[in-house]
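*Asks:* This structure is in C-alpha cells; I'll ask about it shortly.
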C-alpha cells in the first residue's frame, strides 16, 4: 500500500567522395618516340613504334595488421554489424569511421587506429562479431612508396622533352554520391529499412534533407532512376453494363473458381540487439515476486498548468509534454517513500537505498523496447527534465543511445497511455523494486464536493512492487 500512497502523492505533486577523391591524378599522358627510353624504376624499354605512357605511381606492399574488435563495454562479448562505412580497397586514416555496431546495450561507431588500406572485412551486415576477434585487415605503410617511385619516373634523354606532348589525363566525375569517409550517413530507421528492403546502399544515395540527411523521397527517386518509374494508370470512369433480361441471366453458366493456393513460407530471423537484451531482462523479471495496485487520479489542474507552460517552453525550444511532470511527481513521491527507490541483492539478504532518482522511461522503437533513464531527477526542474527527455527520445528514435543512457536506473515509468491504454501489469526491471504504468488522460464526468457533475481530466495508473 506504500506504493499506492507514493503514486498518489506523485500525482498530486504534478548518424573517399570515397572521399571518392576522384583522385584527379592530374597525371600527364606522354607520347614518346621510339628512339627514346623511359624508366619507371625498372630496366629500360625500347619501342619500335610510338607508345602512350602514363606517369603513375606504383604501390609498395606494406604490413597487413589485424584490427581486432576491442571491448566496448562491461560484460559485452558480441555485437551486431549494423553498417560498414568502408569496403575492401578503401584508404583510411586514423580516427576514420569503419563501421557501426550494436550491442545489447547501445550502438557504437568503430574508428580506425591506423593509416592504410582496407584489405579484408571479416563480417557482413547483420552478422555477429565477437569482442577480441579480427574485425578488418589494414595494410599499413602502403603509401610511403609513392614519393620514391615518383622520383624515378623520369625521361632519361633531355632532348626528348621537345617530343613529349602533354595531355591532361581524363577523369570521370562518377560516384559523387558516395559517402565522405569518416562521416556517418544521416537517415532515420524507417528510411534505412526501406533502403535495406530494396537492396540500396545508403552511400550511393544523395540526401536532400538537412545536413545531407537521406529522406524517404531520396530512396524512392533513386529506385525510380535504377528501375524506371512506372506511374499508376489514371482512374477510368466506371462502365455500367446494360441490364440483362432474366432469361439471359439464367442461361449464363456459373464459373467454377479454383481455390487459391497459398505459397507463403515461414521465415526465421535471429533475435539480436535490443530485442535480445529485452528477452533476457524480461525472463529475469519474471523471477521477481510482483504485487500490483491500480487506481485513478484527477489531473484537471495539471492539464491547465501544462497548457499555460507549453508556449513558454516552446519559446525556449523545449517540447513540454506531460511526462516531465510525471517524472518530477514520481521523484517527490520517492523522497517520501525511499523504499521504492532501492534494490535488493540476489539472495534477498541486503537492501540498498539509492541516493539518486534515475527514473527510466520505457520507449517503443523500431529496434525494440528500450528503457533509458533521466539521471538525478530530484535536482532537476520540470523544464530541465523536458530537455533531457527530448534528448533521450531523439537518440532512441535514431538508435544512438549510449551505454550510460540505458544503465543505472532506480525506478521506471511506462507510458501505456500513448497507445490508448488504461491499466497494465508491467514487469519490474531487475535490480529495481517498483515500476509504474500511466494510462491515457480522459475527459469524464465526476461529482465535486457540492455533488455537482463537472468535467474532469482523469488518468488511470498501475503500480507494481516486488
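Numbering (UniProt numbering), first residue to last: 1 to 466.
Glycine included, C-beta positions come from ideal geometry on N, C-alpha and C.
For clarity, every value in this text was computed on a predicted model and none was experimentally measured.
1) Applying the criterion that 16 or more other CB atoms from any shown protein chain within 10 Å of the CB defines a buried residue, is residue 198 buried or exposed?
2) Is there contact here, the segment 377 to 393 with the segment 356 to 368, by at least three beta-carbon pairs under 8 angstroms?
3) Tell me the rounded alpha-carbon separation between residue 462 and residue 190.
4) Exposed or buried, residue 465, counting other C-beta atoms within 10 Å across all chains shown (16 or more means buried)?
5) Can the beta-carbon of residue 351 be found less than 8 angstroms from the beta-carbon of residue 362?
6) For residue 134, collect the residues of the same chain with a Cβ closer than 6 angstroms to its Cβ; drop the 5 residues on either side in sequence, then sort them by chain order.
7) Contact defined as beta carbons within less than 8 angstroms: I believe residue 139 pairs with residue 119. What is the distance between those atoms, to the nearest angstrom?
8) Sort 404, 450, 298 by Cα distance to residue 72 and report the nearest one.
9) Hey, out of 94, 385, 426, whose CA is closest to residue 318's CA?
10) Mind checking who residue 380 pairs with in its DSSP beta bridge?
11) What's the gap between the Cα of residue 349 and the Cα of residue 339?
12) Cβ of residue 439 within 8 angstroms of Cβ of residue 422?
13) So for residue 417, helix, strand or coil by DSSP?
14) Taking the C-alpha atoms as reference points, what is the distance between residue 212 and residue 344?
15) Measuring CA to CA, which of 93, 102, 116, 130 is closest to residue 77?
16) What do you get for residue 272, buried or exposed, if any count of 16 or more other CB atoms within 10 angstroms of its CB means buried?
17) What residue range does the alpha helix (DSSP H) around residue 468 cover?
18) Would you mind working out which of 125, 126, 136 sits nearest residue 90, comparing C-alpha positions?
19) Mind checking which residues open and close the beta strand (DSSP E) that includes residue 446?
20) What residues are listed by DSSP as bridge partners for residue 412?
21) Could you tell me which of 263, 387, 424 sits nearest to residue 414, measuring between CA atoms?
22) Whose C-beta lies closer than 6 angstroms to the C-beta of residue 410 among residues of the same chain, with five residues either side of it excluded?
23) Quick check: the Cα distance between residue 110 and residue 332, rounded to an integer number of angstroms?
24) Report the rounded CA-to-CA distance for residue 301 versus residue 295, giving the unit in angstroms.
25) Nearest-angstrom Cα distance between residue 40 and residue 392?
26) Quick one: give me the first and last residue of the alpha helix (DSSP H) that residue 320 is part of.
27) Extract the residue ranges of the beta strand (DSSP E) inside the UniProt domain "Lipoyl-binding" (64 to 139), only unbroken runs of 3 or more that lie entirely within it.
28) Strictly by DSSP, which residues pair up with residue 296?
29) Going by C-alpha to C-alpha distance, which of 325, 117, 310, 435 sits closest to residue 292?
30) From the DSSP output, read off the bridge partner residues of residue 373.
31) Could you check which residue in 406, 215, 315, 285 has the C-alpha nearest to that of residue 274?
32) Measuring straight from C-alpha to C-alpha, what distance separates residue 201 and residue 399?
33) Hey, quick one: how far does the alpha helix (DSSP H) through residue 283 stretch, first residue to last?
34) Thinking C-beta only, is residue 441 closer than 8 angstroms to residue 408?
35) From this set, 315, 432, 185, 460, which residue's C-alpha is nearest residue 284's C-alpha?
*Replies:* Based on what the coordinates show:
1) Along the chain shown, read from residue 1 onward, the residue named residue 198 stands at position 198. Exposed, since its Cβ has fewer than 16 Cβ neighbours within 10 Å.
2) yes
3) Taking the first residue of the chain shown as position 1, residue 462 is located at position 462. Taking the first residue of the chain shown as position 1, residue 190 is located at position 190. For residue 462 and residue 190, the distance between alpha carbons rounds to 32 angstroms.
4) Here residue 465 corresponds to residue number 465 of the chain shown, with the count starting at 1. Label assigned to residue 465: buried.
5) Stepping through the chain shown from its first residue, residue 351 is reached at position 351. Stepping through the chain shown from its first residue, residue 362 is reached at position 362. No; because the gap between Cβ atoms is not below 8 angstroms, this pair is not in contact.
6) What you label residue 134 is simply residue 134 of the chain shown in a count that begins at 1. Closer than 6 angstroms at the Cβ level, and outside the excluded window around residue 134, lie 66, 68, 122.
7) As a first step, residue 139 must be located in the chain shown, where it is residue number 139. As a first step, residue 119 must be located in the chain shown, where it is residue number 119. At roughly 5 angstroms, the Cβ-Cβ gap stays under 8 angstroms, so residue 139 and residue 119 are in contact.
8) The residue given as residue 72 occupies position 72 in the chain shown. The shortest C-alpha separation from residue 72 is found at 404.
9) In the chain shown, residue 318 corresponds to position 318, counting from 1. Comparing Cα positions, the closest option is 385.
10) To locate residue 380, count along the chain shown from 1; it is residue 380. Paired residues: none, contrary to the question.
11) Taking the first residue of the chain shown as 1, we reach residue 349 at position 349. Taking the first residue of the chain shown as 1, we reach residue 339 at position 339. Answer to the nearest angstrom: the Cα atoms are 15 angstroms apart.
12) Numbered from its first residue, the chain shown carries residue 439 at position 439. Numbered from its first residue, the chain shown carries residue 422 at position 422. For residue 439 and residue 422, yes; Cβs fall inside 8 angstroms.
13) As a working mapping, residue 417 is identified with position 417 in the chain shown. DSSP places residue 417 in helix when its eight states are reduced to three.
14) By one-based count along the chain shown, residue 212 stands at place 212. By one-based count along the chain shown, residue 344 stands at place 344. Their backbone Cα atoms lie some 49 angstroms apart in a straight line.
15) Translated into the one-based positions of the chain shown, residue 77 becomes position 77. If we check each option's Cα against that of residue 77, 130 comes out closest.
16) For the purposes of this step, residue 272 is taken as the residue at position 272 of the chain shown. It counts as buried.
17) Nothing can be reported for residue 468, as the shown portion of the chain is limited to 1 through 466.
18) Your numbering for residue 90 matches position 90 in the chain shown. When each option's Cα is compared against that of residue 90, the closest is 136.
19) Residue mapping note: residue 446 aligns to position 446 of the chain shown, counting from 1. Unbroken beta strand (DSSP E) run through residue 446: 434 to 447.
20) The count along the chain shown starts at 1 and reaches residue 412 at position 412. Paired residues: 360, 435.
21) As a position in the chain shown, residue 414 is number 414, starting the count at 1. The shortest Cα separation from residue 414 among 263, 387, 424 belongs to 424.
22) Taking the first residue of the chain shown as 1, we reach residue 410 at position 410. Same-chain partners within the cutoff: 341, 354, 358.
23) For the purposes of this step, residue 110 is taken as residue 110 along the chain shown, with counting starting at 1. For the purposes of this step, residue 332 is taken as residue 332 along the chain shown, with counting starting at 1. Taking the straight line joining both Cα atoms gives about 41 angstroms.
24) Position 301 of the chain shown, counted from the start, is the residue given in the question as residue 301. Position 295 of the chain shown, counted from the start, is the residue given in the question as residue 295. Spanning the two alpha carbons is a distance of roughly 18 angstroms.
25) Taking the first residue of the chain shown as position 1, residue 40 is located at position 40. Taking the first residue of the chain shown as position 1, residue 392 is located at position 392. The pLDDT assigned to residue 40 is 37, lower than 50, so where the model puts this residue is not dependable; a value taken from the coordinates is nonetheless given after this. For residue 40 and residue 392, the distance between alpha carbons rounds to 59 angstroms.
26) Mapped onto the chain shown, residue 320 falls at position 320. That residue, residue 320, is in no alpha helix (DSSP H); it is neither H nor E in DSSP.
27) 78 to 84, 97 to 102, 107 to 111, 116 to 121, 128 to 130
28) Position 296 of the chain shown, counted from the first residue, corresponds to residue 296. Answer by DSSP bridge pairing, in chain order: 460.
29) Here the question's residue 292 lines up with position 292 in the chain shown. Of the listed residues, the one whose Cα sits closest to residue 292 is 435.
30) To locate residue 373, count along the chain shown from 1; it is residue 373. 360.
31) Along the chain shown, read from residue 1 onward, the residue named residue 274 stands at position 274. Comparing Cα positions, the closest option is 406.
32) Within the chain shown, residue 201 is the residue found at index 201, counting from 1. Within the chain shown, residue 399 is the residue found at index 399, counting from 1. Computed Cα separation, rounded: 19 angstroms.
33) The residue you call residue 283 lines up with position 283 of the chain shown. It spans 273 to 285 - the alpha helix (DSSP H) in which residue 283 sits, taken as one unbroken run.
34) To locate residue 408, count along the chain shown from 1; it is residue 408. To locate residue 441, count along the chain shown from 1; it is residue 441. No.
35) Within the chain shown, numbered from 1, the residue matching residue 284 stands at position 284. Out of 315, 432, 185, 460, 432 has the C-alpha closest to the C-alpha of residue 284.
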